[in-house]
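A.B. asks: Pasting a structure here, questions to come.
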Amino acid sequence: MSPLLTPDTEAPAAASPVDAPADAPASPPPQVEQVEERDDDGRLLARTELLAGQPHGRMVRFGPDGRQQMLAHYHAGQLHGLLTLYDDQGQPVQCAEYAQGRQHGLTRVYVQGRCVAEQRYQAGVLHGESVTFDEAGQPNARLRYQAGTLHGPARFFLHGRLVRQAQYQAGLLQGPSVDYDAQGTVIQTLSYHANRLHGPARRHWPDGGLMEEQLWRDGQPLGGPARFDAQGRPQGTEAATPGLLARLEQLVRGQG
Numbered sequence: 009m010s011p012l013l014t015p016d017t018e019a020p021a022a023a024s025p026v027d028a029p030a031d032a033p034a035s036p037p038p039q040v041e042q043v044e045e046r047d048d049d050g051r052l053l054a055r056t057e058l059l060a061g062q063p064h065g066r067m068v069r070f071g072p073d074g075r076q077q078m079l080a081h082y083h084a085g086q087l088h089g090l091l092t093l094y095d096d097q098g099q100p101v102q103c104a105e106y107a108q109g110r111q112h113g114l115t116r117v118y119v120q121g122r123c124v125a126e127q128r129y130q131a132g133v134l135h136g137e138s139v140t141f142d143e144a145g146q147p148n149a150r151l152r153y154q155a156g157t158l159h160g161p162a163r164f165f166l167h168g169r170l171v172r173q174a175q176y177q178a179g180l181l182q183g184p185s186v187d188y189d190a191q192g193t194v195i196q197t198l199s200y201h202a203n204r205l206h207g208p209a210r211r212h213w214p215d216g217g218l219m220e221e222q223l224w225r226d227g228q229p230l231g232g233p234a235r236f237d238a239q240g241r242p243q244g245t246e247a248a249t250p251g252l253l254a255r256l257e258q259l260v261r262g263q264g
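Under our numbering, the first residue of the sequence shown is numbered 9, with each subsequent residue one higher.
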């Protein structure tokens, strides 16, 4: 007969199962390996760092002459970090920052080693200020983007001097646009709404005096323009137009 169990009596210990084998040693983490690609003549074409079969780390590609054509950085198979492309002379043509496979951060574009543009990206689209440069390294345009679309102030330069400033909203001209001559004098002011002339359009003499004024609505002129001579006196169309066209042509040619 089995012994009677009372509250003060402990049950006999259960039979111990067969001892489990000791834990197997943990597998070592995968290591980054370096893989080379060569052509039939043994020339090195690419050197890539891989982790678990995916690009992870540096990837370098070479041209037939052995010069570096590309230097990229990857993380888990995606571009992540700086990507640099080179021309046949080994000079950079583009340096772009990436994050998780998309352009994110600053991108610089080069021509014969000279930086011609700086662009800022966010999640693969232009976002922030973009600047282009002339041959002397001076800015010739400063534009702002929002989610890939022109949005905000835009300024244009010639030999370092401001020649135009405007405003964009969702990719369209919106608000005032002002043109300047070589001395920084305002020669033209326009007003836009959704990329159409809307409001007063004014052109000025070299001393800043009003030369012509025209009202616009939704891209259509309202009546004829009012024109004035250099002393501010109203005048006819024939007297003002040739001088106005000559001044605008000089501005376009950079002679204003």
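Yeah, the Cβ is synthetic: ideal placement off N, Cα and C, and Gly gets one too.
Fair warning: this is a prediction, and the values are worked out from it, not measured in the lab.
1) Which residue wins for smallest C-alpha separation from residue 162, given the options 177, 156 and 96?
2) In this structure, what does DSSP give as the bridge partners for residue 186?
3) What residues in its chain sit with their C-beta under 8 Å from that of residue 7, if we drop five residues either side in the sequence?
4) Is the beta carbon of residue 87 less than 8 Å from the beta carbon of residue 106?
5) Return the chain-ordered list of same chain residues with a C-beta closer than 7 Å to the C-beta of residue 131, the five sequence neighbours on each side being excluded.
6) What residues are listed by DSSP as bridge partners for residue 34?
7) Using alpha carbons as the reference points, say which of 167, 128 and 136 lies closest to residue 144.
8) From residue 78 to residue 60, what does the alpha carbon distance come to, in whole angstroms?
9) Starting from residue 66 and walking both ways along the beta strand (DSSP E), at which residues does that stretch end?
10) For residue 52, count the other beta carbons within 10 Å of its own beta carbon; 16 or more makes it buried, fewer makes it exposed. Which is it?
11) Could you please give me the residues that DSSP links to residue 78 through a beta bridge?
12) State buried or exposed for residue 35, treating a residue as buried only when at least 16 other CB atoms are found within 10 Å of its CB.
13) Contact defined as beta carbons within less than 8 Å: I believe residue 54 pairs with residue 69. What is the distance between those atoms, to the nearest angstrom?
14) What does the alpha-carbon distance come out to for the pair residue 82 and residue 56?
15) Please determine, among 222, 136, 90 and 65, the residue with the shortest C-alpha to C-alpha distance to residue 196.
16) Within 10 angstroms of the Cβ of residue 182, are there 16 or more other Cβ atoms? Answer buried if so, exposed if not.
17) Just confirm the distance between the C-beta atoms of residue 190 and residue 169, as a whole number of angstroms; I'd bet it's less than 8 Å.
18) Rounded to whole angstroms, what is the Cα-Cα separation between residue 63 and residue 74?
19) Going by Cα to Cα distance, which pick from 49, 90, 46 and 45 is closest to residue 66?
20) Taking 8 Å as the CB-CB cut-off, is residue 60 touching chain E?
21) How about residue 226 and residue 212: are their beta carbons less than 8 Å apart?
C.D. replies: Checking against the coordinates, here is how it stands:
1) Position 154 of the sequence shown, counted from the start, is the residue given in the question as residue 162. Residue 177 is the option with its Cα nearest to residue 162.
2) Stepping through the sequence shown from its first residue, residue 186 is reached at position 178. According to DSSP, which records beta bridges pairwise, residue 186 is partnered with 173 and 197.
3) The displayed coordinates of the chain run from 9 to 264. Any statement about residue 7 would go beyond what the structure contains.
4) What you label residue 87 is simply residue 79 of the sequence shown in a count that begins at 1. What you label residue 106 is simply residue 98 of the sequence shown in a count that begins at 1. Yes; because the gap between Cβ atoms is below 8 Å, this pair is in contact.
5) As a working mapping, residue 131 is identified with position 123 in the sequence shown. Within the same chain, residue 131 has close Cβ partners 110 and 112.
6) Counting from 1 along the sequence shown, the entry for residue 34 is found at position 26. For residue 34, which the question treats as bridged, DSSP gives no partner whatsoever.
7) Position 136 of the sequence shown, counted from the start, is the residue given in the question as residue 144. Ranking 167, 128 and 136 by Cα distance to residue 144 puts 167 first.
8) Translated into positions along the sequence shown, residue 78 becomes position 70. Translated into positions along the sequence shown, residue 60 becomes position 52. Rounded to whole angstroms, residue 78 to residue 60 spans 23 Å at the Cα level.
9) Reading the sequence shown from its first residue, position 58 is the one you call residue 66. Note, residue 66: beta strand (DSSP E), 62-70.
10) Mapped onto the sequence shown, residue 52 falls at position 44. Exposed, by the Cβ-count rule.
11) Position 70 of the sequence shown holds residue 78. Its beta-bridge partners are 69 and 93.
12) Here residue 35 is taken as the residue at index 27 of the sequence shown, counted from 1. Exposed is the call here.
13) Sequence index remark: in the sequence shown, residue 54 carries index 46 (1-based). Sequence index remark: in the sequence shown, residue 69 carries index 61 (1-based). Yes, residue 54 and residue 69 are in contact; Cβ-Cβ is about 5 Å, under 8 Å.
14) Taking the first residue of the sequence shown as position 1, residue 82 is located at position 74. Taking the first residue of the sequence shown as position 1, residue 56 is located at position 48. Approximately 10 Å between the Cα atoms of the pair.
15) Working through the sequence shown from its first residue, we reach residue 196 at position 188. Nearest option by C-alpha distance: 222.
16) For the purposes of this step, residue 182 is taken as residue 174 along the sequence shown, with counting starting at 1. The residue in question, residue 182, is buried, as its Cβ has 16 or more Cβ neighbours within 10 Å.
17) Position 182 of the sequence shown, counted from the first residue, corresponds to residue 190. Position 161 of the sequence shown, counted from the first residue, corresponds to residue 169. Correct: roughly 7 Å between the Cβ atoms.
18) Your numbering for residue 63 matches position 55 in the sequence shown. Your numbering for residue 74 matches position 66 in the sequence shown. Answer to the nearest angstrom: the Cα atoms are 22 Å apart.
19) As a first step, residue 66 is located in the sequence shown; it is residue number 58 there, counting from the start. The shortest C-alpha separation from residue 66 is found at 90.
20) Reference to chain E is not applicable here, since this structure consists of a single protein chain.
21) Sequence index remark: in the sequence shown, residue 226 carries index 218 (1-based). Sequence index remark: in the sequence shown, residue 212 carries index 204 (1-based). Contact flag unset, no.
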